[in-house]
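Residue numbers (this note's numbering), protein chains in the order written: chain A, 1 to 505; chain B, 506 to 1481.
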Amino acid sequence: MKIWVPMDSAAKALGADDVARAIAREAAVRGLDVQIIRNGTRGMIWLEPLVEVDAGEGRIGYGAVTPADVPALLDGRLNSLGPVDMLDWMRRQTRLTFARCGVIDPLDLDDYQAHGGLAGLRRAIAMSQAEIVKEVFDSGLRGRGGAGFPTGIKWRTVSDAVADQKYIVCNADEGDSGTFADRMIMEGDPFTLIEGMAIAGLGVGATRGYVYLRSEYPDAIRVMEAAVVIARQRGMLGPDVLGSGRAFDMQIRTGAGAYVCGEETSLLNSLEGKRGTVRAKPPLPALEGFMGKPTVVNNVISLATVPVIFEKGAQHYADFGLGRSRGTVTLQIAGNVRHGGLFETAFGMTLGEVVNDIGGGTLSGHPVKAVQVGGPLGAYMPVSKFDTPMGYEEFDQKGGLIGHAGLVVFDDTADMLQMARFAMEFCAVESCGKCTPCRIGAVRGVETIDRIANGDPGAAALLTDLCETMKDGSLCALGGFTPYPVMSALTQFPDDFATHKEAAE
Amino acid sequence: MKDFIIPQFAPGDDRDMGTPARNGAPVSLTIDGFEVVVPEGTSVMRAAFEAGIEVPKLCASDNMEAFGSCRLCVVEIEGRRGTPASCTTPVTEGMIVHTQSAKVRKIRKGVMELYISDHPLDCLTCAANGDCELQDAAGQVGLRDVRYTPGDNHFDPSGTGARSQSEARLRGGVQANPQFTPKDESNPYFTYDPSKCIVCSRCVRACEEVQGTFALTIEGRGFDSRVSAGAGFDNFLSSDCVSCGACVQACPTATLQEKSVAELGTPTRSVITTCAYCGVGCSFKAEMNGDTLVRMVPYKHGKANRGHSCVKGRFAYGYASHKDRILNPMIRDTIDEPWREVSWDEALSFAANRMKNIQAKHGRRSVGVITSSRCTNEETYLVQKLTRAVFGNNNTDTCARVCHSPTGYGLGRTFGTSAGTQDFDSVEQTDVVLIIGANPTDGHPVFASRLKKRLREGAKLIVVDPRRTDIVRSAHVEAQYHLPLRPGTNVAVVSAMAHVIVTEGLMDEAYIRDRCDWDEFQHYAEFISDPRHAPEATEALTGVPAADLRAAARLFATGGNGAIYYGLGVTEHSQGSTTVMSIANLAMLTGNIGRPGVGVNPLRGQNNVQGACDMGSFPHELPGYRHVKLPDVRAIFEKAWGVEIDSEPGLRIPNMLDAAVEGTFKGLYCQGEDILQSDPDTHHVAAGLRAMECVIVHDLFLNETANYAHVFLPGSSFLEKDGTFTNAERRINRVRKVMQPRNGYEDWEVTQMLANAMGAGWHYTHPSQIMEEIAATTPSFAGVSYERLEELGSVQWPCNEAAPTGTPLMHVDGFMSGKGHFVITEYVATDERTGPRFPLLLTTGRILSQYNVGAQTRRTENTVWHDQDVLEIHPHDAEVRGINDGDWVRLASRAGETTLMVKLTDRVAPGVVYTTFHHPATQANVVTTDFSDWATNCPEYKVTAVQVSPSNGPSDWQERYNEQAERSRRILSAAE
């Protein structure tokens, strides 16, 4: 009998380790021949710890399991959820990037290959550098970190650059509130990221890669480090990648807790051992990146999606999606929501469908007031915009941004003035301090919102001017995008700002 | 006498263009409707400035790379999204830029409103009032109101919401604002006031990119970001800051502010002149309020320093107004008497009579002069003319005797000219730098900064020095090879490098065949190939590991443009001239002479040591290095001067002293040099001076030599005279009078008055006339005139018909002497040997904050960094002697002994000790010996066998000396 218990940190936070221990203990007492596999999460966080049992009839799910449930589980008395793959949540998804996450043992390279792993890398090895770049370009893949820049163009720039050394840097500094896709894939299917980086290396002529991984993800760091060792032992990394005669190797580097180091140029500074401050562009990192050399800086999900593109072909991937947003989006549904977790689907589903249909509405049962999409710098989308399809341009037209595709749901008890204040405060705390609009502007933003709260009639106009200065004047997206949540709150929920004013009067 | 009007030197374009110049292919673009063509790589900001359009900016400055943080310089570019910063955006062909659209004006105003919301409104009482870029930019963008209410800020100590610091003071009371940090006043010359900081990072970048010290950083992040010197517990003084002033220069506000400006107010006029410290010859703007010097600011178009400075030139000018300065002439009959202040007439006739009497009694060769490397070319020329034309002998020498005389000899023999081959700009094209016996970060700091910049760009570095100097390893600089040789083995080390190059076939044969005497080369090759020169054979002698030496030699021969820079660690040895020639051999062997990025570059110690040598200060040479024995050369000067010139070379300084002790040399006119402190074997110097009947000291201060003088003629500082200095790159720079001489006369006038008191009948009314005479008599100066200097800023000699704008690089189309000459350089060990009594080798050197004998720098606040000479000793040598760090020790050689404090460090190897010679209290030269260079008598300062032992305090000699000095400096005022 095989039993899967996730080792994903969300599952662990909900007691997965205790459950795994209880199963092992109980099985030993009963003398059962049980193989416990610690897998990644399937992404249904409200069901974690989600235990899967395969007694010969496929993987049957149980959740959320507590240690007290274990005897019943082994007795077969515990109510099952049925075959996990048949669950509504799973069936409605198009799992390309996350196809193996939660299915396989994350550190079992054979299991990985049995589920399609390394097919993409093998195909890439047979291709020329230009063909690899074209494949990515044709897939329509865009940067999943938030900016949505076409990955193929970035790779082509690095590929065309002439240098004695080039680098692949994976941005795993996943700091946006309400996002966890990077962590889940690194904990649940680390080899797909390694494979994606190796393909990137072959595609642009880079022989070294780094994963800049935030220190707040100790489990992901552990899994990634172990996976890199295995990959090197098995010849997936090293001087002769899978016998190709071409070299690619990589290291895991840990961040030091600065949100702004998720911005690619700060990340590069930090990776070089410098203060994590933003660099002015140009020069583009693609031409003068890590150590001044041409560097691909891609988000975890972008790179982890590369293997499936090569395994199934660019066209297969590009066939999914909407408009200029091709392929799948890995939605991370969080906040005040009934069904939170990771949901991978083709671009095009509307926001309302995601929140109400997939997410099941608020956990509190109150009506939804707003959804913040794209992390702490994303706009608050009111229910009136729930018809917006998930797509880069479609969100942009509605004054929002998809970002890293995290959604945080708020019910009608949320005070949007306080949320706007939080956005400014977040910017003030996380500002690197290099450019003035962000360094001073964020502090003044908090103060000005407090003036609004205290009924100052002129403060709202000042806040609007400030947001314009920050948006147009900031050096990077931290200061430049903080106005999105602030202004979306101010313009779409004017009552929350007026109430305070009237109360003061 | 003509009253010379101080020229308001019009230097052309002195604006800050925002970002550095580039030299790409031409790109044309349109800015605000004006077409402008600039080199590719130029920023939009600089292109706008070129078109005469000023874009507001705060974080950009044209001596550092663009940073893009202030966001004031945003522009709109047609076809591009958003509002890019013009400083970080390079131009592209056909680009159409708008610098004044409504959108960018609004952003600028919004950003400026944020700046001012965290800046005190104390403009009228601020030290930077009228000299503040924040103030200017606020005006430029039209900020009329700050709508933010007083909130979090760094400037209001009271924490009460005051908008200015004066208001905060009125509100008074407790320091209630935790974000307020008080002013750091630890540095003697400038203050750091965090409450006025706008976090533009210009100071941090200047420290990194311009100076290369990396002492500053930004601490904290976001709103908490503040400039920090060193680590958190440091202040500016305790940090790595070397007080070069680059950060103060870069600061757009009063955050980093000269204390002198705070005290004296903003300057109202400025005069461009040349620093009077080391041989780098930095150009400065002397910024004045009336006749008060407010500050010295490095001049951005200065060709030696390119806008940079060091702590000495930038700040250490206070000696010129120090209370110790002597402003009235003084005389006395004997050195045991106190000085009597007298009139100029009385002093000059006293001096003239004594000199005439001596000559009458002891012959015309019984008197002589010492010219100064600190004075101008024109003054030096007059002093040697005094002895040659008025005294009637060639008894002239100069302090180059004790520093770079071997350079003159060695480079003259091999290349045909007695000077360095390059300009300082050349270092920007160097691939491998070989430094021998020089400590540029201390001795030639502005050149060192330019060198370090090149090293950070990837040039390789080899250092040959017994001591691990800062250039061997400091922030972002590390030598590929440090060859820590035993003092005195330079020739063996350089020859071993040549041996490796020749025996491994790494020499540039085509170059040698083309440029050098091939027969001499073959002879040399045979000599140098002998196994006795192999690094393995000399390792035991030199202490340099053979493998390192071989690798360094290969790097130098094969690493691209190789440039050699050397200092007194080469010349001040018994084989100083031999080492100079072996260096020249090495450069010729590897084809590294005659183009940018290569060359042999002596780093000159004094501001005008090159000029003093050029001006005929040596007893055997008339101006232009022409031997006094040559009748046709003498004829030129005899015609110009209307006198007969003695055909016999005169006495060198050591010979003068020897002759004085013997009783045949009786009178000396010593201008601007302190031979008692600076020359070796102090006992012998004192004995020589004491034996003379008339010692005339012409100086700013009662220096140590003046203790033995009969006449003291007060000198004028470099701020008080017109003239020229010639730096280490042969660059003739103008020295301009920024104030009237406090002593009444410029030094050339004093020399002229002395000459006339002896009946000379000179009538120069301005130094330009002296330069005319130099040009008329000296071929390499034939094209030099004050008009030419005004026009070009400076020229490098030779400047004549063949090279009307001067000669930045020498030997470009072949050596000046025709062919380059390889010279056999056999290593001969110095007679100065260690033994049981004196088992350690002492070597001496300088430190950044002090200058030579310290007469100037000791009379400035620079003493805060170095208030006494200390002896560096390796911990092993200290331990076996029972010496601890900070102990008082006795340093003894066979010549004498002194006492000083000790510092334990592994910068020196075991067996080697090191000290500086800046303080008369130490008198390090009491222990140095009378050994000297075989060719030029340059003293062997760098090798003295010594013993170090624990001590309780000053030696008997030091106490006696201090007593004598004190007695000798008594002055009766004129009234008494």
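For each residue, glycine too, the CB sits at the ideal point set by N, CA and C.
- Per DSSP, residue 550(B) is one residue of the alpha helix (DSSP H) stretching across 549-555.
- Of all C-beta pairs linking the region 1317-1336 of chain B to the region 910-927 of chain B, three or more are shorter than 8 Å, placing the two stretches in contact.
- Contact between residue 728(B) and residue 402(A) is absent: CB atoms are separated by about 30 Å, not below the 8 Å threshold.
- Across the structure, residue 725(B) and residue 336(A) are spaced so that their CA atoms are roughly 35 Å apart.
- In the DSSP assignment, no residue is bridged to residue 620(B).
- In this structure, 171(A) is the residue among 226(A), 171(A), 249(A) with its C-alpha nearest to the C-alpha of residue 214(A).
- Between the region 1038-1052 of chain B and the region 1070-1090 of chain B, the count of C-beta pairs closer than 8 Å stays below three; the two stretches do not touch.
- Flagged as an interface residue toward chain B: residue 260(A), by a C-beta distance shorter than 9 Å.
- In the structure shown, residue 526(B) falls within a coil segment according to DSSP collapsed to helix, strand and coil.
- Separation of residue 910(B) and residue 1440(B) (C-alpha to C-alpha, rounded to the nearest whole angstrom) is 9 Å.
- Residue-level contact by beta carbon holds for residue 623(B) and chain A, with a gap shorter than 9 Å.
- When beta bridges are read from the DSSP output, residue 1350(B) appears opposite 1421(B).
- Taking 9 Å as the threshold, the shortest C-beta distance from residue 722(B) to chain A falls below it.
- At a cut-off of 9 Å between beta carbons, residue 712(B) makes no contact with chain A.
- In this structure, the CA atom of residue 698(B) is about 7 Å from the CA atom of residue 761(B).
- When secondary structure is reduced to three states using DSSP, residue 1267(B) falls in the coil class, being assigned neither helix nor strand.
- Residue 711(B) sits close to residue 569(B), with the two beta carbons spaced by under 9 Å.
- In the three-state scheme derived from DSSP, where H, G and I count as helix and E and B as strand, residue 1073(B) is classed as helix.
- The straight-line gap separating the alpha-carbon atoms of residue 684(B) and residue 266(A) is approximately 26 Å.
- Distances from the alpha-carbon of residue 314(A) to those of 468(A), 33(A), 124(A) put 124(A) closest.
- Looking at 1392(B), 634(B), 787(B), 673(B), the one whose alpha-carbon comes closest to that of residue 759(B) is 634(B).
- Using a CB distance cut-off of 9 Å, residue 398(A) does not count as an interface residue toward chain B.
- A check of alpha carbon separations from residue 1423(B) across 751(B), 1457(B), 1367(B), 1465(B) identifies 1367(B) as the nearest.
- Residue 153(A) counts as exposed, since fewer than 16 other C-beta atoms from the protein chains shown sit within 10 angstroms of its C-beta.
- Remark: C-beta atoms of residue 452(A) and residue 466(A) do not approach each other more closely than 9 Å.
- Considered as a whole, the region 219-261 of chain A harbours no complete run of any alpha helix (DSSP H) with no fewer than 4 residues.
- Taking the Cα positions, residue 479(A) is about 18 Å away from residue 564(B).
- Taking the Cα of residue 1169(B) as reference, the smallest distance to any Cα among 1181(B), 1185(B), 1186(B), 1199(B) is reached at 1199(B).
- With a minimum length of 4 residues, the unbroken runs of alpha helix (DSSP H) contained wholly in the region 801-854 of chain B fall at 816-820.
- Taking CB atoms only, residue 288(A) has no neighbour in chain B less than 9 Å away.
- The CB of residue 417(A) never comes closer than 9 Å to any CB in chain B; the least such distance is about 17 Å.
- Within its own chain, the residues whose Cβ lies closer than 8 Å to the Cβ of residue 702(B), once the five positions on either side in sequence are excluded, are 659, 731, 732, 758, 760, listed in chain order.
- Residues of the region 62-96 of chain A that bring their beta carbon within less than 9 Å of a beta carbon in chain B are absent altogether.
- Inside the region 668-750 of chain B, DSSP marks whole beta strand (DSSP E) runs of 3 or more residues at positions 695-697, 721-724, 731-734, from first to last along the chain.
- The beta carbon of residue 595(B) sits closer than 9 Å to some beta carbon of chain A.
- Boundaries of the alpha helix (DSSP H) around residue 1160(B): 1158-1167.
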